[in-house]
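Right, one structure below, let's go through it.
There are 4 protein chains.
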Amino acid sequence: MVNVLRFGMVGGAVGSFIGHVHRKGASFDEQARLVAGCFSSSYERTLATGEQLGLDKERLYRDHCEMAEKEAAREDGIDYVIICTPNSNHYSAAKAFLQHGIHVVCDKPLTITVEEAQELVQLAEEKGLLFGVTYAFSQCPAVKQAQLMVQNGELGEIQVVMAEYPMGSLAEPVELEQGRIIPWRMVPEHAGISNCVGDIGTHIEHTVSYITGLEIAELCAQLDRFGGPQRALDTNAHILLKYKNGAVGNYWCSQVAIGYDNPLQVRIFGTKGTIEWCQEIPNYLIVRKLGRPPQILARGHTYLYPEVAQMTRLAAGHSEGYYEMFANFYRKFNNALCKQKQGLELTAADLDFPGVRDGLRGVKFIHRCVESSQQGAVWVEFD
Amino acid sequence: MVNVLRFGMVGGAVGSFIGHVHRKGASFDEQARLVAGCFSSSYERTLATGEQLGLDKERLYRDHCEMAEKEAAREDGIDYVIICTPNSNHYSAAKAFLQHGIHVVCDKPLTITVEEAQELVQLAEEKGLLFGVTYAFSQCPAVKQAQLMVQNGELGEIQVVMAEYPMGSLAEPVELEQGRIIPWRMVPEHAGISNCVGDIGTHIEHTVSYITGLEIAELCAQLDRFGGPQRALDTNAHILLKYKNGAVGNYWCSQVAIGYDNPLQVRIFGTKGTIEWCQEIPNYLIVRKLGRPPQILARGHTYLYPEVAQMTRLAAGHSEGYYEMFANFYRKFNNALCKQKQGLELTAADLDFPGVRDGLRGVKFIHRCVESSQQGAVWVEFD
Amino acid sequence: MVNVLRFGMVGGAVGSFIGHVHRKGASFDEQARLVAGCFSSSYERTLATGEQLGLDKERLYRDHCEMAEKEAAREDGIDYVIICTPNSNHYSAAKAFLQHGIHVVCDKPLTITVEEAQELVQLAEEKGLLFGVTYAFSQCPAVKQAQLMVQNGELGEIQVVMAEYPMGSLAEPVELEQGRIIPWRMVPEHAGISNCVGDIGTHIEHTVSYITGLEIAELCAQLDRFGGPQRALDTNAHILLKYKNGAVGNYWCSQVAIGYDNPLQVRIFGTKGTIEWCQEIPNYLIVRKLGRPPQILARGHTYLYPEVAQMTRLAAGHSEGYYEMFANFYRKFNNALCKQKQGLELTAADLDFPGVRDGLRGVKFIHRCVESSQQGAVWVEFD
Amino acid sequence: MVNVLRFGMVGGAVGSFIGHVHRKGASFDEQARLVAGCFSSSYERTLATGEQLGLDKERLYRDHCEMAEKEAAREDGIDYVIICTPNSNHYSAAKAFLQHGIHVVCDKPLTITVEEAQELVQLAEEKGLLFGVTYAFSQCPAVKQAQLMVQNGELGEIQVVMAEYPMGSLAEPVELEQGRIIPWRMVPEHAGISNCVGDIGTHIEHTVSYITGLEIAELCAQLDRFGGPQRALDTNAHILLKYKNGAVGNYWCSQVAIGYDNPLQVRIFGTKGTIEWCQEIPNYLIVRKLGRPPQILARGHTYLYPEVAQMTRLAAGHSEGYYEMFANFYRKFNNALCKQKQGLELTAADLDFPGVRDGLRGVKFIHRCVESSQQGAVWVEFD
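Chains as they are written, first to last, in our numbering: chain A, 4 to 386; chain B, 4 to 386; chain C, 4 to 386; chain D, 4 to 386.
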């Protein structure tokens, strides 16, 4: 295959949930192949992972700096790197690869500080490198349909946004169990200044932004650390928002919502209609238009926008899920990279995947929420 | 029937939506009979209504003062009055009947001002009269089940409350239609200082309070008048709350949520479990407990608390709805009144219906929301 | 009220589930009033019921013959009788009232034998008396909408019907519990030749017939007596059908379907579209049209047929249920009777409630199912 | 990777829906790699597919006989072949590979005639070769949970089975569109004696059999060719069944059910409980137990049987779909084959995937349905 891209990974050792998802996603459409990695801070784990995945031992690295340098020097070096480590390593890893001219895909949230994110934006843009940030939920076909409906005015002017992401995963003090390692998302050194907003609140922010294009003017956030006094970071957040167009929003994310697995839900209310999407039933989009009965749009039908058809692989009724969202992200990223490698100009349509500026905005969002809450849940300006 | 109570009505002429519901509800279990009324500010409409309902013409009155006075003077005078006029008349009507020693049922919100509500509380308690306020949603059997589960600790300690009441009824500028009378809820003189919070937000406040018993410490409310510049009152509100026990809440009510009819929804999240109820599917209660699959409890089953069985008339699976919620309110009110007339002491269980103090709290809630919003959506103390 | 009709009841003593529903339904719109009764085979129970309902003692009767005779002789005698006894009494009671010129409403199934049902049809038609049979589910507004959609060709030609009525009420051998009275529906002398088909299968037959107008050509039925060897009648039935227009149908009813309360569900598949209605969520109708997303129609909206609006009392989103279905049946029956009493001609629209011929067809359906099953689940002709 | 298996494909050229699904499924867990193929009856299409997938040209074959012979002769020949051609080719292709000692995975229905299927069973068993048949729906984790619940007696004795598979894909006469090729499933030469039962009815049969282990004693089937007189094969079927244990069943499959995509649904009713699964919401299983509220079990939770955990890759709430069902089939098949290649004895647990005897039973099911229907929908014995 002439056009198959080569990628490496930082993080994502075998046994890592999200590492597997990235690997499957990047190669789902047989456009890219894993060839190198620094999968863990433990070189032994990197070696074991590399062996299991059939990689050449000389392309298994002790740290990301070595990897960036050596891969950049190879004739057959990687086209891009996927960074899926704990948050605190994103910045230095991404910077290293960018500096060596290697394109980057990085997990969210992009960095710990706003300044780091700004630096990555500047570096990627100066170097002309592609930089994707894996807010995968927005790559669901139904979300694309939602975005196109908004863009085409089917909902009129947006007035209200309701979005939530309730999980029950930290309802119990899991970190107090004997011998258990505290999940890194709960440790400030690895996760940054927020756990709940940083991990899942940022998905709300991105998905709403992707669908509506609304820009946040101000927000007011109340963060709580439910689950025990030992908790150093938030596990629940309520966020009110005012957007620049005059609309208002209400986001809720929680990790103490018992019985909820992962139902990120976004509802957009406009002057002509309403849409509703939920990540746990991702193949459907509920649409309510003025004076008409609610409709349930389903993936795979010709009544959807043509762009949506390109984001699906199975006939209607054969369910697609989380892997396919990543596959859609990577299909767009791989396509854009192939085109750029051929010296072609990239259009906005080519870049229709979450990028480094989305990553920066996400980091700002986390910081604004924490600032607001620390001051007593007051309104703070976003920019 | 020796024990059949007699009631009168202020407001609720034939053609009035809520008037019919009150009438059916009060007599649903054949415990009370309508015998008098001042159904409208138009005496002609009162006469026409009385005739259609088969009432004695001498018990049809021009105004509520005349009615209170004359009914109080009769041997066979009404036991209680139902007030279902626009909000602005509640206070004077209720006061008139209380002063004449007649028990009162009044629609919500109780009054326009907090002072008026306080005065009614004082008057009713001094006189020893029963005073019900028809927050009917809390009288749904599934809501009672929810309350008992909280009281019995099945959910542990409450940490988060999410509640919403979206409607689409004012999505269009209905008040601008040629020749159309502006709905009184949109007119400050009749509705008071709020439309959306006053009409439906207050239902959220009551239902949550009834289920959880949580007391609001502070709230922060953002009210908007979506639907056109001609609107003098709110049509959408987002309210963040802190309760005295440390829990946080998030209420949303809207009349511009296109495609939504009436789905008041309440979700309560505790340290041991979660419950969810929605008014449009009122016969079911979704329960999620730590480590166990979600359950759907249905009305009419023996796995519910025994008190819940008393609030239902039909076998499981035969749906009950809005009328039956009113019927449950009135069954409790009628029972309490019969017992009081027999000179018996009323217990807390006898008074398990929304009363004048619930009405007062509701009026305070409306005022706090408006105050907060007018100051820029800042936090205000509830008491 | 000049126009208030007077009705009596045979069966339906206080404590009877369906008796209360009939009483509420007949008087729901204040068009008719209960004045006489023979509520039980026990005169004591009849007296107790009459006293509780405030009836005149002289209008409480020992048997239905006495009641028919005496009421027919009174100036202020009943306009119609409601018969809600066990099945085996329907025939003789209905016959007695018809012979005395009194209109009849009777519960389903109409009679035990086909011949009895035919005799009632003949008698009612000869006498020119109204005869309603309370297949109440077809009186739900959403069912009317379904019927009108079929009649107006919105579904094209009907090809397939799927309908089911699963209940779990007889999953356990309740009749073996110490001291428990066997429910009359399980006793051939009271219920006739079928329990499950007779009680709930007949609702399927009627609802499908009401919506589609399809006539059954042949059927093939497999009846089983799950629940223990002591059972003398069926508790589960699968029925395949061929209709005269070439469509095929599949009905299933069961009383051993654990966890199901009462979800009578009907799905109609035509060449242009599909509709789906379920009794447990009665306010909604799901419509699927060729090439378009499924829609959820809700009661109370202007996009429904105008005739549907007349069958509802509450605004959209305020749920209506089982009582309102009976109220709709009785509203039509009461209206028709008033009109007939005024000497006016009744149109087909006036008679749009289940009548004696529907009752006859239902009894035939039960008999054909039992015949087919007894012969080894072979195809039998319907007529 | 030492242990990576090599597979080839017959059928499944690029552009084929199911070909892609098989390819992704077989290699989902990086246990097997495609190395050879005869993807189409057109050698040009085979070459184009091979090139796109990066295969060695010498391993692209003109027909399956050549492929079987040459691959069998290679040192690095394929371990197994995947056959996903139209039905009529399954038999000869499978036979060719078995005769050359190559393991087989074949799409369903296994063959056109019962005799062919019997021959394949005999051949595979004589040769000691693995033979999988891709009834993928049974490989959904929720279906495994259902099976284990039945096996562990959680539902008691099974009494009733309700299963359906409605689709709307042939509601319109798509085969009459100008210039359109008739889908091979509608052509007897390619599809065999049935379209609807053969394509989707057989999925019902397998899924029910996999969950319950019930054996069919007799069945009675009504097949119809809705959709136009030009149709040579069935598009709708109703099937009543009696199982050897005394239970009864009711299967419905349709391709003219407008608005339905792919909701294969299976409900199993036992003396202690009921389960319900639907392919369009595959991550959930609804369980109803005697006297308790219905529960919704979700993939990924510890309350499921441990065997179920092995069939899932993502955390609860991150949806899995159709690809993962195939991946589960192939994971088991690949594991079994690796074990067999190591000379180890295979246990029943190793062979917990649909095999050649399931394929034979499926073909018999199709034939019995057609026989019954042709005789007028009479009861026919299954064996």
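Idealized CB from N, CA, C, for every residue including glycine.
This one's a predicted model, so the numbers in the text were calculated from it and none came from an experiment.
Rounded C-alpha distance that separates residue i from residue j
| i | j | result |
| --- | --- | --- |
| A/LYS130 | A/LYS27 | 28 Å |
| B/PHE10 | C/ALA99 | 40 Å |
| D/TYR46 | C/ALA301 | 56 Å |
| A/HIS193 | A/SER91 | 5 Å |
| D/ASP82 | A/GLY358 | 43 Å |
| B/GLN125 | B/LEU132 | 11 Å |
| B/GLU327 | B/PRO144 | 9 Å |
| B/MET4 | B/LEU340 | With a pLDDT of 39 at B/MET4, under the threshold of 50, the modelled position of that residue is not reliable, and the figure given next carries that caveat. Rounded to the nearest angstrom, the two C-alpha atoms are 16 Å apart. |
| C/PRO296 | B/GLY171 | 22 Å |
| C/TYR263 | D/ALA250 | 19 Å |
| D/ALA71 | D/HIS103 | 6 Å |
| A/ARG228 | D/THR88 | 57 Å |
| A/HIS93 | A/THR116 | 11 Å |
| B/ARG77 | C/SER30 | 29 Å |
| B/TYR138 | B/THR210 | 8 Å |
| A/LYS111 | A/TYR213 | 15 Å |
| A/VAL393 | A/ALA224 | Since the displayed chain A opens at 4 and closes at 386, residue 393 of chain A lies outside it and no answer follows. |
Helix, strand or coil at residue i [DSSP, three-state]
| i | result |
| --- | --- |
| B/ARG36 | strand |
| A/GLU374 | helix |
| D/GLY204 | helix |
| D/MET189 | helix |
| B/GLY358 | strand |
| A/GLU160 | coil |
| D/CYS69 | Correcting the residue identity first, residue 69 of chain D is Glu in this sequence and not Cys. If DSSP states are grouped into helix, strand and coil, D/GLU69 belongs with the helices. |
Under 7 Å between C-beta atoms of residue i and residue j
| i | j | result |
| --- | --- | --- |
| A/LEU222 | A/ILE242 | yes |
| D/GLY230 | D/VAL259 | yes |
| B/PHE332 | B/PHE368 | no |
| A/VAL290 | A/TRP280 | no |
| B/CYS109 | B/VAL146 | no |
| D/LEU113 | D/GLY362 | yes |
| A/PHE336 | A/ILE219 | no |
| A/ALA120 | A/VAL366 | yes |
| A/PHE329 | A/VAL24 | yes |
| D/GLN282 | D/LEU267 | yes |
| C/TYR325 | B/HIS321 | yes |
| C/TYR168 | C/ILE207 | yes |
Near the ligand MN: residue i beta-carbon under 6 Å from a heavy atom
| i | result |
| --- | --- |
| A/HIS304 | The ligand MN is not among the ligands present in this structure, which contains no ligands whatsoever. |
message: For a minimum of 4 consecutive residues, which ranges assigned as the alpha helix (DSSP H) are wholly contained in the region 263-345 of chain C?
response: Listed in chain order, the complete alpha helix (DSSP H) runs (minimum 4 residues) inside the region 263-345 of chain C are 309-312, 325-344.
- request: Would you mind listing the beta strand (DSSP E) stretches within the region 98-155 of chain C that are 3+ residues and don't spill past its ends, in chain order?
  value: 106-109, 134-136
field: Selection of the region 361-375 of chain C by Cβ proximity to chain D, strictly under 7 Å
entry: Contacts with chain D (Cβ-Cβ distance below 7 Å) from the region 361-375 of chain C involve no residue at all.
- prompt: Along the region 290-301 of chain D, what residues have a CB closer than 9 Å to any CB found in chain B?
  reply: VAL290, GLY294, ARG295, PRO296, PRO297, GLN298, ILE299, LEU300, ALA301
- request: Taking a Cβ distance cut-off of 8 Å, strictly less, list which residues of the region 156-180 of chain B are near chain C, in chain order.
  value: MET170
query: Between the region 254-279 of chain C and chain D, which residues of the former have CB atoms less than 8 Å from a CB of the latter, in chain order?
result: TRP255, SER257, VAL259, ALA260, ILE261, GLY262, TYR263, PHE272, GLY273, THR274, LYS275, GLY276, THR277
Chain-ordered residues of the region 220-244 of chain C with a beta carbon less than 8 Å from chain D: CYS223, GLN225, ASP227, PHE229, ASN239, HIS241, LEU243
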